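Q: The structure under discussion is supplied below as structure tokens; questions concerning it will follow.
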Amino acid sequence: MVLWFGKSSEAEEAEIEVYELKRGDFSVKLTNFGATVLSLILPDKKGKLDDVVIGFETIDGIRGAKFTLKFNINLLLMKETTCSMAKALNKATPVNLASHTYWNLGGHNSGDIFSHNLQLLASKITPVDSQLIPTGQIVSVEGTPYDFRQPRPIGSRFNELADGYDINYVVDSVGGNKRLKKVAVVQESKSGRRMELWSNAPGVQFYTSNTLGSVKGKDGFIYSNYAALCLETQGFPDSVNHPNFPSQIVNPGDSYNHVMVYRFTAN
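Now the structure itself:
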């Protein structure tokens, strides 16, 4: 169902629509403007409904591309699957799409995510320099605050970091089949909500909203730093400059395929 319709602020004819998909108590709103998830409402263990995506109530701004791509993005509510695809039409093109949804399983207005339990099925990361550019190394998380191989609260080793998490993890090959791998599990104890993330991508960026500041969001609620977490399945950042990273170049005639599966429960 189309809920809202408009145009971008650019002179070009960029039509923007907002859609709502529902299945029982589960509903999601998204826009064709980057396939952005605007809200996702689901019950907690007591049946209370909350929106678990932080964000805004309006859409503003648009960015252009310097090359030609054809995109086809599908959201299947029945299987909680997001599939992103792109095809290079005119020349070899680096393509690395990611969904930057901000999650707070306690509800968008419930505060920080330090008590969320996180498991990442990833034993390595790609470190970055002071400008957050990957160094090209691939290192183990063993003995570091980046080790989430066993579930633990996100805030449990936060004081060992300069300013929160913002790093690409190398997804382990175990836990799934050749097409999809289990990437992460997030659980919020008060609501009982649990989210599993599966993907065919080699990496996942874990980000803890370190620079939100004081942003006015939905219903006028002020979002502060660490109000949400992002788990962005992706190719390795800056792979074009590091031959030891998996290539993200799509050649004319080839297709890029990126699948994400979100599974939600509450108990």
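Residue numbers for the sequence shown follow full-length UniProt numbering, so the first one is 1 and each next one is one higher. All C-beta atoms in this analysis are idealised placements derived from N, C-alpha and C, irrespective of residue type, glycine included. This structure is a prediction, so every number in the text was calculated from the model and none was measured.
Taking its Cβ as the centre, do 16 or more other Cβ atoms sit within 10 Å of residue 261, making it buried, or is it exposed?
A: Answer is buried; the Cβ neighbour count reaches 16.
Q: Pick from 108, 203, 251, 263: whose alpha carbon is nearest that of residue 235?
A: Considering only alpha carbons, the answer is 203.
Q: Output the distance between the C-alpha atoms of residue 33 and residue 121, rounded to the nearest integer angstrom.
A: Distance between the alpha carbons of residue 33 and residue 121: 31 Å.
Q: Starting from residue 23, trace the beta strand (DSSP E) both ways and give me its first and last residue.
A: It spans 15–23 - the beta strand (DSSP E) in which residue 23 sits, taken as one unbroken run.
Q: Below 8 Å on the Cβ atoms is my guess for residue 267 versus residue 45; work out the distance and round it to an integer in Å.
A: Indeed they touch by this definition, with Cβ atoms about 6 Å apart.
Q: In the DSSP assignment, find the beta strand (DSSP E) that holds residue 43 and state where it starts and stops.
A: Here the beta strand (DSSP E) through residue 43 covers 37–43.
Q: Shortest alpha-carbon distance to residue 140 belongs to which of 190, 223, 167, 54?
A: Checking every option, the nearest Cα to that of residue 140 belongs to 167.
Q: Residue range of the beta strand (DSSP E) that residue 223 falls in?
A: Residue 223 -> beta strand (DSSP E) spans 222–224.
Q: For residue 264, list the residues DSSP reports as bridge partners.
A: 195, per the DSSP bridge assignment.
Q: Rounded to whole angstroms, what's the CA-CA distance from residue 253 to residue 187? Just pull it up for me.
A: Distance between the alpha carbons of residue 253 and residue 187: 41 Å.
Q: Using the DSSP secondary-structure output, state which residues sit across from residue 232 in a beta bridge.
A: According to DSSP, which records beta bridges pairwise, residue 232 is partnered with 205.
Q: Spatial neighbours of residue 99 within its chain, please: C-beta separation below 8 Å, excluding the five flanking residues on both sides.
A: Result list for residue 99: 35, 37, 82, 84, 232, 233, 260, in chain order.
Q: Suppose you measure from the CA of residue 16 to the CA of residue 24; what does that come to, to the nearest Å?
A: For residue 16 and residue 24, the distance between alpha carbons rounds to 26 Å.
Q: Can you confirm whether the segment 182–198 touches the segment 219–226 when touching is taken to mean that 3 or more C-beta pairs between the two stretches lie within less than 8 Å?
A: No: the two stretches stay apart, fewer than three of their Cβ pairs being nearer than 8 Å.
Q: Using C-beta distances below 7 Å, list every residue in its chain close to residue 105, excluding the 5 sequence neighbours before and after it, in chain order.
A: The residues are 52, 116, 186, 188, 191, 193, 195.
Q: Put residue 158 into one of helix, strand or coil per three-state DSSP.
A: In the structure shown, residue 158 sits in a helix (DSSP, three-state: H, G or I).
Q: Quick one, are the C-beta atoms of residue 155 and residue 210 less than 8 Å apart?
A: Taking 8 Å as the Cβ cut-off, residue 155 and residue 210 do not qualify as a contacting pair.
Q: Give me the residue from 245, 20, 18 with the minimum Cα distance to residue 135.
A: Closest option to residue 135, Cα to Cα, is 245.
Q: Which runs of the beta strand (DSSP E), 3 residues or longer, sit entirely within the segment 111–143?
A: Entirely contained in the segment 111–143, the beta strand (DSSP E) runs reaching 3 residues are, in chain order, 117–120, 122–126.
Q: Between 217, 255, 237, which has its C-alpha nearest residue 109's C-alpha?
A: For residue 109, the nearest C-alpha among the options comes from 217.
Q: Pull up the CB-CB distance for residue 119 and residue 151, whole angstroms please, since I reckon it's below 8 Å.
A: The pair is a contact, with the Cβ atoms about 4 Å apart (cut-off 8 Å).
Q: Who are the Cβ neighbours of residue 215 in its own chain at under 6 Å, not counting the five residues just before and after it?
A: Closer than 6 Å at Cβ, skipping near neighbours: 223.
Q: Since residue 114 and residue 158 should fall inside the 8 Å C-beta cutoff, what is the C-beta to C-beta distance between them, to a whole number of angstroms?
A: The Cβ separation is near 7 Å, so the contact holds.
Q: Within the continuous beta strand (DSSP E) that includes residue 227, where are the two ends?
A: Where residue 227 is concerned, there is no enclosing beta strand (DSSP E), given that its DSSP letter is neither H nor E.
Q: Checking the sheet assignment: what are the DSSP bridge partners for residue 28?
A: Looking at the DSSP assignment, residue 28 forms a beta bridge with 21, 40.
Q: Going by the DSSP bridge assignment, what does residue 187 pair with across the sheet?
A: For residue 187, which the question treats as bridged, DSSP gives the partners 117, 194.
Q: Let me check one thing: in DSSP terms, what residues is residue 258 bridge-paired to?
A: 84, per the DSSP bridge assignment.
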